[in-house]
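Take 311 as the starting number for the sequence shown in the working numbering and just add one per residue. No residue lacks a Cβ here, since even glycine has one placed at the ideal position from N, Cα and C.
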Amino acid sequence: MDKLESFHQDVLRGLKDHPKWLQPKYFYDDNGAALFQRIMEMPAYYLTACELEIFRDKTVELAEVLHVQQEPFDLIELGAGDAMKSSFLLEHLLREQADFTYMPIDICGEVLLTLRDRLNRDLPNLEVVPLHGEYLDMLREATEQSDRRKIVLFLGSNIGNMELEDAHGFCRTVNRRLKRGDTMLTGFDLQKNPHTILEAYNDKEGITAAFNLNLLERINRELDADFNISAFQHYQTYDPIDGGCRSYLVSGTAQKVNIGGEVISFEANEPIAVEVSRKYTPLEIDQMAIETGFAPLAQIADSKNWFVDAIWQV
Ligand code: AVJ
311 MDKLESFHQD
321 VLRGLKDHPK
331 WLQPKYFYDD
341 NGAALFQRIM
351 EMPAYYLTAC
361 ELEIFRDKTV
371 ELAEVLHVQQ
381 EPFDLIELGA
391 GDAMKSSFLL
401 EHLLREQADF
411 TYMPIDICGE
421 VLLTLRDRLN
431 RDLPNLEVVP
441 LHGEYLDMLR
451 EATEQSDRRK
461 IVLFLGSNIG
471 NMELEDAHGF
481 CRTVNRRLKR
491 GDTMLTGFDL
501 QKNPHTILEA
511 YNDKEGITAA
521 FNLNLLERIN
531 RELDADFNIS
541 AFQHYQTYDP
551 IDGGCRSYLV
561 SGTAQKVNIG
571 GEVISFEANE
581 PIAVEVSRKY
591 TPLEIDQMAI
601 ETGFAPLAQI
611 ADSKNWFVDA
621 IWQV
């Protein structure tokens, strides 16, 4: 099944369900990736600055816990994007003359091409093998390409897009693909003042709203649909008890939407669940490691203690 076909099926499956849902991985067409870049530049979206600080100020500590001095390895980054954070680690590894290949994985082909060009220009000694596709498919490719030691980076709280059980399932799958001694570093956004969290996903300029609404525009464009986009509103919640920060697109009016010949009905004020961005406690993070077959080695936090990069070993 090709990419457009599975997009079509996933969209219809979600919109025929009650309540309706769409998967956040489909945000990232070229437009969506550009809007996400703008989100990362918003002061209210603190996640990027926190993790950038960790990678900038604690590079040596990260490198030590990841055991980069042992034999040659592949450094695989799930959802590499612009790799601004990991670049601090890449530069450090090059300075230390570590023997490694950088394998950035991303679902957006345009983003990967831009990244490869930038790295070839800025870090000409770095060996880069970009992998275009979904995390687990591309991780399989990377593990089949060579049996060198693996270090997996999964930054930016991308894991937050999974419900708790799905995150556990995902880590278990990654664990099975890896070998004893391999390490994984995952960025987790921590539970904090609920206002701070809500504001990161509910900016007044409407950038987050535009990012979410772009998903409907993408469906109109690629799947021959006729969503009346202006009828939909972005609605964000954060539940400080379960750590779920959730976004919805709410249809302001009753409407029928034609998606490539199939008709989906919306009632007035009916929501589509589009994204969860889960916030964790340090205890939940260690528990996730242990329950999915890893040994937790360290949690490295920013100076505000808002975000941690957790390092686990198989
Ligand atoms: C890229 C999944 C980490 O959930 O914080 C940002 C995406 N959505 N603003 C997040 C996002 C709305 C982001 N991740």
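(Q) Could you check if Y511 belongs to the surroundings of the ligand AVJ, using beta carbon to heavy atom distance under 6 Å? (A) In terms of side-chain proximity, the C-beta atom of Y511 is found nearer than 6 Å to a non-hydrogen atom of the ligand AVJ.
**Q.** Start and end residues, beta strand (DSSP E) containing M494
**A.** Residues 493-499.
Q) Which same chain residues, not among the five before or five after N616, have their C-beta less than 7 Å away from its C-beta? A) First, the amino acid is wrong: residue 616 is Trp here, not Asn. Y356, C360, L500, K502, listed in sequence order.
Q: Mark L314 as exposed unless 16 or more other C-beta atoms lie within 10 angstroms of its C-beta, in which case mark it buried.
A: Under the 10 Å beta carbon count, L314 is surrounded by fewer than 16 other beta carbons and is classified as exposed.
Q: Please name the residue, chosen from E473, L403, L433, P440, that lies closest to P414 on a Cα-to-Cα basis.
A: The candidate whose alpha carbon is nearest that of P414 is P440.
**Q.** Burial state of V584 (16 or more Cβ within 10 Å)
**A.** Burial call: buried.
Q: Tell me, please, whether the segment 363-370 touches the segment 388-402 by the rule of three or more beta-carbon pairs shorter than 8 Å.
A: Yes, since at least three Cβ pairs between the segment 363-370 and the segment 388-402 fall closer than 8 Å, the two stretches touch.
**Q.** For V567 and P581, believed in contact at Cβ under 8 Å, the rounded distance
**A.** The pair is not a contact, with the Cβ atoms about 14 Å apart (cut-off 8 Å).
Q: Tell me, to the nearest whole angstrom, how far the beta carbon of Q333 is from that of G324; I am working on the premise that it is less than 8 Å.
A: The beta carbons of Q333 and G324 sit about 7 Å from each other, so the pair counts as a contact at 8 Å.
Q | Cα-Cα separation, L403 to A605 | A | Taking the straight line joining both Cα atoms gives about 24 Å.
Q: Within its chain, find whatever has a CB closer than 8 Å to the CB of A578; leave out the 5 residues flanking it on each side and keep chain order.
A: For A578, where only same-chain residues beyond five positions count, the Cβ hits under 8 Å are S561, G562, T563, A564.
(Q) Whole angstroms are fine: how far does the CA of L372 sit from the CA of L400? (A) Going from the Cα of L400 to the Cα of L372 covers about 11 Å.
(Q) the ligand AVJ and T496: does any heavy atom of the ligand fall closer than 6 Å to the residue's C-beta? (A) Not so, every heavy atom of the ligand AVJ lies at least 6 Å from the Cβ.
**Q.** First and last residue of the uninterrupted alpha helix (DSSP H) at C360
**A.** First-last of the alpha helix (DSSP H) with C360: 356-367.
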